[in-house]
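J.: Take a look at the following structure, please.
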Amino acid sequence: MSVKTTWEDLSILGWPKQNVYNKANASRGGTMEGLGDISLNAGIAAEYQWWSYNELSGQPYIVSKIPTMTNREETAWSYDNTQNSEPFTDTWTEKWTNTTTASLTVDSSLTIGLSASITILDVASMGFNLTVTMGQSQTDSKTQSYELSHTWELKVGPNEKLSLVRVITTSGEEVVYNQQFGLRSGSLLGSEYQDHYYWSRDINSLLGTPRGQLTLRGSGRSTTHQYKLIRESPKGRTIEPVPAYAVNKNNRLTGQVPAAVLEGWAAQTRLTIGEGIIKDAIGASPAA
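In terms of my numbering, the sequence shown is residues 161 to 448.
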């Protein structure tokens with residue numbers, strides 16, 4: 161439903177009624193006789209159906225974006241085999257939850273009357289499209305959680321210590337968006353001049369297409385888990401990322417996770433831990 165423009169709306173857009181009158185009167189050669197000679201969605205404007213409506217203008221756009229990311233490490237499993245000359249094998253199952261959430265809120269309180277929805281795609285880079293409706297729900301949020309598990313077979317060589325380390329990554333983003341608003345094209349003002357002439361005036365043309373600005377805030381947070389093996393031996397120390405998101409018999413519940421999401425988690429592992437075996441000491445090499 162369209163919302164008709166009020167004098168208060170025009171004032172918010174920078175045009176109090178007196179200023180509108182002054183502009184209109186000047187364009188009519190000073191022949192108007194007072195504020196009663198202009199009308200907005202009432203009086204002669206309503207009589208002749210010269211209407212003015214409010215609307216959003218253009219698409220929302222990003223003003224600022226602040227990303228954050230933290231990593232926290234925890235030892236999930238460890239075995240010290242440094243005093244033994246025989247290898248040791250164990251299995252370990254991890255269960256965890258990856259969660260992504262995003263919210264969108266209208267931040268500005270000073271706005272004209274609007275009955276419109278604003279949809280922002282990929283709010284705060286979290287993959288959710290959120291919608292707020294002016295005059296109704298001015299906030300929207302979504303959360304997606306995946307419960308996952310993985311079973312590893314862990315082999316510890318003679319004279320080695322092996323640790324499975326859990327890396328919990330929390331990434332977030334705070335984004336400020338702007339959305340312009342104003343008057344619909346073709347919005348009209350009723351005017352009277354020389355005491356008896358009635359004429360409609362295009363308000364955007366008369367006032368220079370006034371625009372206001374609505375501020376929205378998007379917030380997102382994602383928590384994911386990655387895993388790495390730290391192997392210590394007389395030859396040195398190495399770090400190796402271990403698969404947690406490959407679809408196989410050891411990885412449960414991934415059938416419910418879209419392939420693109422799985423790849424995103426795998427990419428996060430590559431970013432956080434790296435690829436392949438990393439030598440963590442001079443002269444270190446993987447244990448035999």
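Positions of the beta carbon are idealized from the N, C-alpha and C atoms, including for glycine.
Quick caveat: nothing in here was measured; it's all calculated off a predicted structure.
In chain order, what residues of the same chain have a beta carbon less than 7 angstroms from the beta carbon of Thr165, not counting five sequence neighbours either side?
T.: Leu200, Asn201, Ser212, Tyr213, Asn214, Leu343, Ser347
J.: Grab the span of the beta strand (DSSP E) containing Trp256 for me, first residue to last.
T.: If you look at Trp256, you'll find it in the beta strand (DSSP E) that goes 248-266.
J.: Take every Cβ of the segment 377-392, pair it with every Cβ of the segment 252-263, and state whether three or more of those distances are shorter than 8 angstroms.
T.: yes
J.: Among all the DSSP beta bridges, which residues are the ones paired with Pro227?
T.: DSSP lists Glu333 as partners of Pro227.
J.: For the beta strand (DSSP E) containing Asp362, list its first residue and its last residue.
T.: Taken as a continuous stretch (DSSP letters only), the beta strand (DSSP E) holding Asp362 covers 357-362.
J.: Does Ser212 come out as helix, strand or coil in the three-state DSSP assignment?
T.: coil
J.: In the structure shown, what three-state DSSP assignment does Asp338 receive?
T.: What sits at residue 338 in the sequence shown is Asn, not Asp. Of the three classes helix, strand and coil, the one that applies to Asn338 here is strand, per DSSP.
J.: Would you check if the distance between the CB atom of Thr138 and the CB atom of Thr271 is smaller than 9 angstroms?
T.: The structure shown does not extend to residue 138, since the chain is modelled only from 161 to 448, so the question has no answer here.
J.: Since Glu320 and Thr251 are thought to touch, with beta carbons under 8 angstroms apart, how far apart are those beta carbons, to the nearest angstrom?
T.: With 8 angstroms as the limit, Glu320 and Thr251 do not qualify as a contact, their Cβ atoms being about 17 angstroms apart.
J.: For Thr369, which residues of its own chain have a beta-carbon under 7 angstroms away from its beta-carbon, when the five flanking residues on both sides are left out?
T.: Gly342
J.: Under 9 angstroms, do Thr257 and Thr329 count as touching if we go by C-beta distance?
T.: no
J.: Taking all protein chains shown into account, do 16 or more other C-beta atoms lie within 10 angstroms of the C-beta of Ser238, making it buried, or fewer, making it exposed?
T.: exposed
J.: Looking only at DSSP bridge pairs, what is Asn319 linked to?
T.: Asn319 is not bridged to any residue.
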